[in-house]
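Read the structure below first, then the notes.
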Amino acid sequence: MAHDVYVTRVIPQPGIDLLREQLNVTVNDDDRQLSANELKRLASTHDALVTLLTDRVDRSVLAAGGDRLKIVANVAVGYDNIDLVAASEMGILVSNTPGVLTETTADFAWALLMGIARRTAEAQTFLRAGKFHGWGIMMMLGEDVHGKTLGLVGYGRIGRAVAKRASGFDMAIQYFDPVISAEDADALLPARQVDLDTLLRTSDYVSVHTPLTPETTHLIGAAELSSMKPTAYLINTSRGPVLDEAALADALTAHTIRGAALDVFEREPEVEPRLMELDNVLITPHIASASVATRTRMATMAAENVIAAMRGERPPTALNFDEVARNG
Ligand code: 8YV
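Numbering (this note's numbering), first residue to last: 1 to 328.
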């Protein structure tokens with residue numbers, strides 16, 4: 001008997017097509033966020049869920065899956081929306097989509113960095129508002145990127161891909177990543193491993209690339225922002241809660257840092273209202289991985305994980321296969 005899969009939002013069609021080759025697939029064509037109760041009901045009536053970062057798959061949703069739910073395949077590299085510990089305890093596989101979005105997200109971190117430094121969005125707003133009455137030598141002066149110091153908070157796949165691009169701009173590169181040991185850091189030279197305080201005090205551009213965990217929640221708050229140079233910029237393409245958004249709005253209003261470019265927010269889709277008003281902020285709606293090719297590959301990768309799980313095989317990017325095997 002074919003297994004039943006529920007896809008909680010609209011995803012690129014190749015992912016759905018791949019699932020449909022072998023499984024019974026239902027898609028939430030409304031593309032709206034499902035409630036906790038809806039998720040519970042769907043977990044109890046399907047063998048697999050394909051989820052997105054907007055789905056909160058907590059212990060109660062997983063428990064509703066009972067003996068039936070075998071896998072939650074997240075279409076994202078981040079999986080802070082899923083209770084992985086509970087899933088492992090209950091013998092439910094969880095998979096994510098690592099690797100395929102690294103370069104696309106790094107490209108976008110650069111789009112934000114360049115955009116805030118050279119005021120591209122602000123300049124367009126100015127022009128479209130009919131304020132360009134004639135060229136002026138003092139118009140829209142920004143900051144240089146080349147030759148500056150880039151500080152990466154988190155030096156995993158995406159942080160390193162951002163660093164690779166920085167060498168073309170002759171930047172000095174430093175990173176803070178407690179997971180990387182001092183010995184391993186030698187292999188990563190010339191990028192310099194520093195502590196967070198040094199990174200914040202000495203970087204011209206601080207770009208955040210950590211997963212969201214209890215340790216990284218509000219990793220950058222008022223005290224950390226006050227360590228940054230008054231000319232520095234903060235860029236975030238990771239997860240909103242890594243930054244204290246209210247403290248950031250305070251710093252930007254008081255001009256204790258020069259600017260910020262944010263693709264992610266603490267309470268998406270809400271954005272701290274003060275950030276909406278400030279000129280020294282560039283904000284985008286969580287689109288760092290949003291290229292056609294990458295989002296398509298993310299969808300097919302989630303489908304491949306589901307198909308493998310339904311066959312009783314190891315899903316290619318399962319996060320807890322060994323734990324589930326042990327608990328099973
Ligand atoms: C996705 C992301 O757009 O992969 C992640 O963790 O944040 C983005 O690439 C999003 O999560 C899709 O669910």
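Note that the Cβ used here is the ideal one computed from N, Cα and C, for glycine as well.
In this text the structure is predicted, and so the values were computed from the model without any measurement.
Under 7 Å, do residue i and residue j count as touching if we go by C-beta distance?
i	j	result
L34	V61	no
R239	L262	no
V50	V7	yes
Y205	L84	no
A318	S88	no
T300	G15	yes
D331	S227	Residue 331 lies beyond the range of the chain shown here (1 to 328); nothing can be said about it.
H286	V264	yes
A303	L42	no
V145	A117	yes
T102	S291	no
N236	G259	no
R119	M140	yes
E224	P241	no
S44	A76	no
G115	A121	yes
L152	S207	yes
L59	A86	Note on identity: in this sequence residue 59 is Arg, with Leu being the wrong assignment. It is a contact, given that the beta carbons lie within the stated cut-off.
I283	H209	no
W110	R165	yes
Closest by CA to residue i, which one among the options?
i	options	result
T380	Q13, T213 and Y79	Only positions 1 to 328 of the chain appear in the structure, and residue 380 is not among them; the question remains open.
A309	D47, R20 and I16	D47
D170	L150, I137 and A161	L150
A246	T237, V5 and M276	M276
V25	S44, A2, A63 and R41	A2
I71	E268, N305 and R165	N305
R274	L252, P190, E21 and P316	L252
D322	A76, S289, I92 and T45	I92
D55	L69, D31, T45 and G66	D31
G154	G134, A117 and S181	S181
L405	V10, S44 and L23	No answer is possible for residue 405: the residues shown for the chain start at 1 and end at 328.
N320	G66, I82 and N37	I82
G156	P315, A191 and K148	A191
L23	N37, D4, A36 and D29	D4
Quick one: grab the DSSP three-state call for residue i.
i	result
T294	helix
R68	coil
L49	strand
R192	strand
T26	strand
L141	coil
Q33	coil
V10	coil
F265	coil
G259	strand
I180	coil
E270	strand
V281	strand
S226	helix
N327	helix
L252	helix
A318	strand
A109	helix
N96	coil
D83	coil
L200	helix
Exercise for review: Give a yes or no on contact between the region 121 to 135 and the region 213 to 233, applying the rule of three or more CB pairs nearer than 8 Å.
Suggested key: no
Any 3 or more C-beta pairs closer than 8 Å across the region 167 to 174 and the region 223 to 236: no
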